[in-house]
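Participant: Quick one: this structure, given as structure tokens, is what I'll be asking you about.
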Amino acid sequence: MRYSVIPILLGALGLFKASLAQSTFPPEPEGLTEILSQRWPGASITYKQTSICETTTGVKAWSGYVHLPPSVLNKVPDMSVTYDVNLFFWYFEARNNARTAPTSIYLGGGPGYTSFDPMSGFPCNINKDSNSTTLNPFSWNTDVNMLYIDQPVGAGFSYSVRQNGTLNLLQRAQNRGPLFSPLQNGEPLPKTNATLLAATLDSRTLETTQNTTTQAARTLWQFAQVWFQDKLTYSVQYGGFWSTAFFSYVVDQNKLISSQQHKVANATALRLGTLGIGNGCIDIEAQAASFPQMAWNNTYGVQSYPEEVYDLVMGNLTAPEIGCYDRVKQCRKARADGDPTSQGNNNTVNEACMAASTVCFDVVMGSYNAVSNRSTFDILHLRTAGDEPIYFEGFFNQRWVQKDLGVRVNFTSTDYSYPAAVFGLTGAAMIQDKSLLENVLDNGFSVALVYGDRDYECNWIGVENISLTVNYPSASAFRSAGYADIVTNSSYNGGLVRQHGNVSFSRVFDAGHAVAAYQPETVYQIFQRSMFGKDVATGKIVADQGYSSNGSPSTWARKNKVPEVTDANMCYSQVPTDTCTDEQLQALADGTAVVKDFIVQSPLGARLDPITGAVIPVMASGSGNGNGTSGNGHSSGASVSLVGSFRLAVAIGSALVWCLA
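Here is the structure:
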């Protein structure tokens, strides 16, 4: 997802009608407590207790930053940086039995996508006014302490070096994000308006940005070392909601620590339990064939492009030397030979991996965007009406919200101007492969793969293939298990699951990329059952090595019903280039748009015919702007207007994890 931005100043455009936060730099934090790390001199935690979002009586929450200077980061093996890292976190106590509950970490995807989004099982839902919240009855902190982290540097509220400037929402930088123009020393702030915003953001330089998955994993490992050793919570158990790469990295570090071979003398093993991956890409080579398959042959019976495009894409997969498969092999060999520690500074390696990225993403995956109006995050929605409610984009830049959180920069849900773009310069998404998942499985950890079946980008077909081809001690027993219904509640089954022991693959019905935004109760049940060692199908059976799910060996017989009508795009002024039609963009640019609570009321937008893929303009008599969602299983009252865009570095950060120590 995507491009996120800052609150807007409406005074210059008289037709804009909204009760919005003014476009200003964030307020200076107040009421902070600082903990200086005793085991990691130079590192620190600054935090404050929060009062927003989680309003359950007696349940506490804290937000803040872990500060990691180069002197601390460079103690991590194979790290060599010259910049500070300030990673933002928000910690929520469990609503039940917080003192004995496990702690789980959630990391957003991207790379560079915030952790505070509707697919994260967050304690609250942001309301349509982008200025208030409602408690989430399916919050993952019901029985688990939840730690959300914005990573890497430049994502969400995290930063290295702050810089004031303006953000032009309608003008894209060369690296795909909204154009940020830093203010030079003494330069006054120019006049702002609805699409030119005042913003304090990370400085966005190559010198202060991580460019490989492994570098990000090393930084997160150091974050965890500081946070859990100098933590402000009293929980004695912890686990995580981490990327596959990070989980695998921690597994390796724990082995070195336990054998007293780790190069960092005061390193502490981090107890892990369950890796959960929610609609995340794991291995581009293993998943690439699923892109044309999902576009051409899916359980909804819709075809996103003609047969000749399908044939072209398949040819670009398998072409000798220049096809996706061979380019990925070339990239991985170059990396093994020329950059084994993933520094991201070997031009020969980077060029080989960028060449693979070009054919695999731009051609094989990107052909869908080139000829289809459908969203990559939801094959039944218009590209600008993608896959999840986006009211958080405005909410986290409300000044009163920033004051409560004690943040130091404006909010960006995904700062594509740097995290994703810089990862793209190394072709990092081509390097990560299923060996990382195999490392987790070989060491006996639980794995829950959770995939909505309307997502194209990291679709369930490709990851089901991975689940059946990874090798680990119980792999044959997993392959022999059948698919069972996922019992969400007494009246609804939300998907199908194959499971043996503590390893499961779930296909969640009628859900796009942001699977928990579509099916919050189903994903909550999967989370709970996986966290506490029960079968995903019912939650009533202990999922030990004696357990296997029963049912059909394939899910393909279970077809989905295509809704007759899908939502129109909701043109959201915080992310206009992702959510607005050309007519709406022009109206925003010339000041004729009518906006309320960040949502463009006029001109009206468009919706997709889910069968034919045709774009249908919204008529004046229609609701038109996201007041309901058809066929996606949202709970009553949930925010359901959706947004989507094409994401380049899909294989890096979408992998997510649950852990129970």
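Using mature numbering (1 follows the signal peptide of the UniProt record, and there is no 0), the letters of the sequence shown map in sequence onto residues -21 to -1, 1 to 640. Cβ coordinates follow ideal geometry from the N, Cα and C atoms, glycine included.
When you compare only the Cα positions, how much space is there between I261 and V429?
Facilitator: Position 282 of the sequence shown, counting from 1, holds the residue named residue 261. Position 450 of the sequence shown, counting from 1, holds the residue named residue 429. Rounded to the nearest angstrom, the two C-alpha atoms are 12 Å apart.
Participant: Report yes if the CB atom of F202 is closer than 8 Å to the CB atom of L15, and no otherwise.
Facilitator: Within the sequence shown, numbered from 1, the residue matching residue 202 stands at position 223. Within the sequence shown, numbered from 1, the residue matching residue 15 stands at position 36. Taking 8 Å as the Cβ cut-off, F202 and L15 do not qualify as a contacting pair.
Participant: For M344, I'd like the list of residues in its chain whose CB is within less than 7 Å of its CB, leaving aside the five on either flank, ordered along the chain.
Facilitator: Here residue 344 is taken as the residue at index 365 of the sequence shown, counted from 1. Taken in chain order, the residues that qualify are F270.
Participant: Check this for me: beta carbons of L126 and N143, under 8 Å apart or not?
Facilitator: Working through the sequence shown from its first residue, we reach residue 126 at position 147. Working through the sequence shown from its first residue, we reach residue 143 at position 164. Result no, Cβ atoms of L126 and N143 do not sit closer than 8 Å.
Participant: So does the region 55 to 71 actually touch the region 460 to 480, counting three or more Cβ pairs closer than 8 Å?
Facilitator: No, the region 55 to 71 does not touch the region 460 to 480.
Participant: For Q28, name the three-state secondary structure that DSSP assigns.
Facilitator: Working through the sequence shown from its first residue, we reach residue 28 at position 49. Strand, per DSSP.
Participant: Pairing CB atoms from the region 477 to 492 with CB atoms from the region 521 to 531, are three or more of them under 8 Å?
Facilitator: At 8 Å Cβ cutoff, the stretches touch.
Participant: To the nearest angstrom, how far is the alpha carbon of L149 from that of P555?
Facilitator: Indexing the sequence shown from 1 puts residue 149 at position 170. Indexing the sequence shown from 1 puts residue 555 at position 576. In a straight line, the C-alpha of L149 is about 7 Å away from that of P555.
Participant: Please classify M58 as buried or exposed, where buried requires at least 16 other C-beta atoms within 10 Å of its C-beta.
Facilitator: Residue mapping note: residue 58 aligns to position 79 of the sequence shown, counting from 1. M58 comes out buried.
Participant: Since A456 is in the alpha helix (DSSP H), which residue starts that stretch and which ends it?
Facilitator: Sequence index remark: in the sequence shown, residue 456 carries index 477 (1-based). Here the alpha helix (DSSP H) through A456 covers 454 to 459.
Participant: State yes or no: is the C-beta of E367 within less than 8 Å of the C-beta of S392?
Facilitator: One-based indexing of the sequence shown puts residue 367 at position 388. One-based indexing of the sequence shown puts residue 392 at position 413. Going by C-beta atoms, E367 is not nearer than 8 Å to S392.
Participant: Name, in chain order, the residues that DSSP records as bridge partners for D464.
Facilitator: Translated into the one-based positions of the sequence shown, residue 464 becomes position 485. Partner(s): L475.
Participant: Starting from Q142, follow its DSSP beta bridges and name the residues at the other end.
Facilitator: Walking along the sequence shown from the start, residue 142 turns up at place 163. Paired residues: L180.
Participant: Please list, in chain order, all residues of the same chain as Q498 whose beta carbon is under 6 Å from its beta carbon, the five residues on each side excluded.
Facilitator: Walking along the sequence shown from the start, residue 498 turns up at place 519. Contacts found: G473, V487, A490, G612.
Participant: May I ask which residues mark the beginning and end of the alpha helix (DSSP H) holding D276?
Facilitator: Taking the sequence shown and counting its residues from 1, one reaches residue 276 at position 297. This sequence places Asn at residue 276; Asp is not what is there. Element bounds for N276: n/a, residue is neither H nor E.
Participant: Less than 8 Å separating the beta-carbons of D181 and V51?
Facilitator: Start at 1 with the first residue of the sequence shown, and residue 181 comes out as number 202. Start at 1 with the first residue of the sequence shown, and residue 51 comes out as number 72. Taking 8 Å as the Cβ cut-off, D181 and V51 do not qualify as a contacting pair.
Participant: Under the assumption that V597 contacts G584 (Cβ atoms under 8 Å), give the Cβ distance between them as a whole number of angstroms.
Facilitator: If you number the sequence shown from 1, residue 597 lands on position 618. If you number the sequence shown from 1, residue 584 lands on position 605. The pair is a contact, with the Cβ atoms about 5 Å apart (cut-off 8 Å).
Participant: Helix, strand or coil for E543 per DSSP?
Facilitator: Numbered from 1 along the sequence shown, position 564 holds the residue referred to as residue 543. In this structure, E543 counts as coil in the three-state DSSP scheme.
Participant: For Y304 versus T297, is the C-beta spacing smaller than 8 Å?
Facilitator: Here residue 304 corresponds to residue number 325 of the sequence shown, with the count starting at 1. Here residue 297 corresponds to residue number 318 of the sequence shown, with the count starting at 1. A contact, by the Cβ cut-off of 8 Å.
Participant: Using three-state DSSP, classify V338 as helix, strand or coil.
Facilitator: On the sequence shown, residue 338 is found 359 positions in, with the first residue counted as 1. If DSSP states are grouped into helix, strand and coil, V338 belongs with the helices.
Participant: Hey, quick one: how far does the beta strand (DSSP E) through R486 stretch, first residue to last?
Facilitator: If you number the sequence shown from 1, residue 486 lands on position 507. R486 -> beta strand (DSSP E) spans 482 to 487.
Participant: Are W41 and S83 close, meaning C-beta to C-beta below 8 Å?
Facilitator: In the sequence shown, residue 41 corresponds to position 62, counting from 1. In the sequence shown, residue 83 corresponds to position 104, counting from 1. Cβ distance not < 8 Å, so W41 and S83 don't count as in contact.
Participant: Going straight from the alpha carbon of R151 to that of Q565, what length do you get?
Facilitator: Counting from one through the sequence shown, the residue named residue 151 turns up at place 172. Counting from one through the sequence shown, the residue named residue 565 turns up at place 586. If I take the Cα positions, the gap works out to 15 Å.
Participant: Given a cut-off of 8 Å on the beta-carbon distance, is the pair E417 and V442 in contact?
Facilitator: Reading the sequence shown from its first residue, position 438 is the one you call residue 417. Reading the sequence shown from its first residue, position 463 is the one you call residue 442. Against a cut-off of 8 Å, the Cβ pair of V442 and E417 comes out as no contact.
Participant: Leaving aside the five residues before and after T212 along the sequence, list all residues of the same chain whose C-beta is less than 6 Å from its C-beta, in chain order.
Facilitator: Indexing the sequence shown from 1 puts residue 212 at position 233. Per-residue confidence for T212 stands at a pLDDT of 40, beneath the threshold of 50, marking its modelled position as unreliable; the derived number appears in the next sentence. Result list for T212: empty, nothing under 6 Å.
Participant: Looking at the structure shown, is C103 part of a helix, part of a strand, or coil, going by DSSP?
Facilitator: Locating residue 103 in the sequence shown gives position 124, counting from the first residue. C103: strand per DSSP, three-state reduction.
Participant: Which residue's Cα is closest to the Cα of D546: I520, F506, H360?
Facilitator: By 1-based counting over the sequence shown, the position of residue 546 is 567. Measuring from the Cα of D546, the nearest candidate turns out to be H360.
Participant: Under the three-state reduction of DSSP, which class applies to M344: helix, strand or coil?
Facilitator: As a working note, residue 344 is residue 365 in the sequence shown. Looking at M344 - three-state DSSP - the assignment turns out to be helix.
Participant: In three-state terms, what does DSSP make of S269?
Facilitator: Counted from its first residue, the sequence shown places residue 269 at position 290. Helix, per DSSP.
Participant: Looking at the unbroken alpha helix (DSSP H) that takes in W206, where does it start and where does it end?
Facilitator: Within the sequence shown, the letter at position 227 stands for residue 206. Note, W206: alpha helix (DSSP H), 192 to 208.
Participant: Looking at the secondary structure, which residues open and close the alpha helix (DSSP H) in which A315 lies?
Facilitator: Here the question's residue 315 lines up with position 336 in the sequence shown. Start and end: 303 to 317.
Participant: Quick test of the definition: if touching needs 3 or more C-beta pairs under 8 Å, does the region 274 to 281 touch the region 225 to 244?
Facilitator: Cβ pair count under 8 Å is below three, so no.
Participant: Between K513, A493, E166, Y462, which has its C-alpha nearest A536's C-alpha?
Facilitator: Here residue 536 corresponds to residue number 557 of the sequence shown, with the count starting at 1. Of the listed residues, the one whose Cα sits closest to A536 is Y462.
Participant: Out of S321, R314, S414, state which residue places its alpha-carbon closest to the alpha-carbon of V328.
Facilitator: Stepping through the sequence shown from its first residue, residue 328 is reached at position 349. It is R314.
Participant: Can the beta-carbon of T355 be found closer than 8 Å to that of Y435?
Facilitator: The residue labelled residue 355 in the question sits at position 376 within the sequence shown. The residue labelled residue 435 in the question sits at position 456 within the sequence shown. Yes. Within cutoff.
Participant: Under DSSP, the beta strand (DSSP E) around A585 begins and ends at which residues?
Facilitator: Here the question's residue 585 lines up with position 606 in the sequence shown. Its beta strand (DSSP E) spans residues 585 to 587.
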